[in-house]
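Numbering that gives the first Met the number 0 numbers the first residue of the sequence shown as 0 and each following residue consecutively. Glycine is no exception: its CB is placed at the ideal position from the N, C-alpha and C atoms.
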Amino acid sequence: MEDSYEHTSVGRDMIPVKGHALLKDGRRIILTLYRPEDKEALVSMYANMSPEALKWGLPPYDRARIEYWNSDLTNNITLIARLEERIVGHLRLFRIPFERRKGVGEVLIYVHQDFQNLGLGTRMMRKAIELAKEQGFHRIGLTVVADNHSAIKVYEKVGFKKEGIARETFYGDDHRYHDEVEMGILL
Numbered sequence: 000m001e002d003s004y005e006h007t008s009v010g011r012d013m014i015p016v017k018g019h020a021l022l023k024d025g026r027r028i029i030l031t032l033y034r035p036e037d038k039e040a041l042v043s044m045y046a047n048m049s050p051e052a053l054k055w056g057l058p059p060y061d062r063a064r065i066e067y068w069n070s071d072l073t074n075n076i077t078l079i080a081r082l083e084e085r086i087v088g089h090l091r092l093f094r095i096p097f098e099r100r101k102g103v104g105e106v107l108i109y110v111h112q113d114f115q116n117l118g119l120g121t122r123m124m125r126k127a128i129e130l131a132k133e134q135g136f137h138r139i140g141l142t143v144v145a146d147n148h149s150a151i152k153v154y155e156k157v158g159f160k161k162e163g164i165a166r167e168t169f170y171g172d173d174h175r176y177h178d179e180v181e182m183g184i185l186l
């Protein structure tokens, strides 16, 4: 899969603002940094995701949550994946805002069900890691439900390591508690 990116200067850093990711099925997805004018398309992506695609996430996926996720564009890295005008993926890497956690970030990612298992999540995670390095991050962490095997496979593929298990912390739609895996990568 071949990716290409255009760059722009922001302050003293070079930030990719537009790139193409080639999916396993041959489609080209455009990866861009989130802009406020993307909000409605992002709300639409979440509104059109299946319950199965969201079952391991933390709802609600409403306008207020999306606005909160994207409220600090200067301190966080927010990527979106687009097929034409439709947003099909969303990744948010946010800095922990405490001096004792300097350079530490947490990541969340959602890929629309029509674009899962095509390499998009892997491409988005790799781009986020690259941007995090450029922005001076030291570590990225995440939490994933232990039963979400496909997500864990993606995270391990891009270099994340399992660091621990939080037992029975996620209450699923199946009315059962599930373990969560803490994962991280040092940059």
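Whole-number beta carbon distance between Val-87 and Met-44, since they are thought to touch under 8 Å: In the sequence shown, the residue the question calls residue 44 occupies position 45. In the sequence shown, the residue the question calls residue 87 occupies position 88. Met-44 to Val-87, Cβ: 7 Å. Contact.
Buried or exposed by the 16-neighbour rule on C-beta atoms within 10 Å, applied to Ala-127: Taking the first residue of the sequence shown as position 1, residue 127 is located at position 128. Answer is buried; the Cβ neighbour count reaches 16.
Straight-line gap, Arg-62 to Asp-172 (C-alpha atoms, nearest Å): Residue 62 sits at position 63 when you count from the first residue of the sequence shown. Residue 172 sits at position 173 when you count from the first residue of the sequence shown. Rounded to the nearest angstrom, the two C-alpha atoms are 22 Å apart.
CB of Glu-251 within 8 Å of CB of Val-144, strictly: Lying outside 0 to 186, the shown extent of the chain, residue 251 is not represented and no answer is given.
Cα-Cα separation, Val-157 to Ser-49: Walking along the sequence shown from the start, residue 157 turns up at place 158. Walking along the sequence shown from the start, residue 49 turns up at place 50. Whole-angstrom Cα-Cα distance: 26 Å.
4 or more residues per run - each alpha helix (DSSP H) lying fully within the region 119–156: 119–133 and 148–156
7 Å CB neighbourhood of Asn-147 in its chain, flanking five on each side removed: By one-based count along the sequence shown, residue 147 stands at place 148. The residues are Trp-55.
Between the CA atoms of Pro-96 and Gly-25 - distance to the nearest angstrom: Within the sequence shown, the letter at position 26 stands for residue 25. Within the sequence shown, the letter at position 97 stands for residue 96. Near 39 Å, if we compare the C-alpha coordinates of Pro-96 and Gly-25.
Nearest residue (CA-CA) to Leu-53, options Gly-18, Ser-70 and Ile-108: One-based indexing of the sequence shown puts residue 53 at position 54. Answer by Cα proximity: Ile-108.
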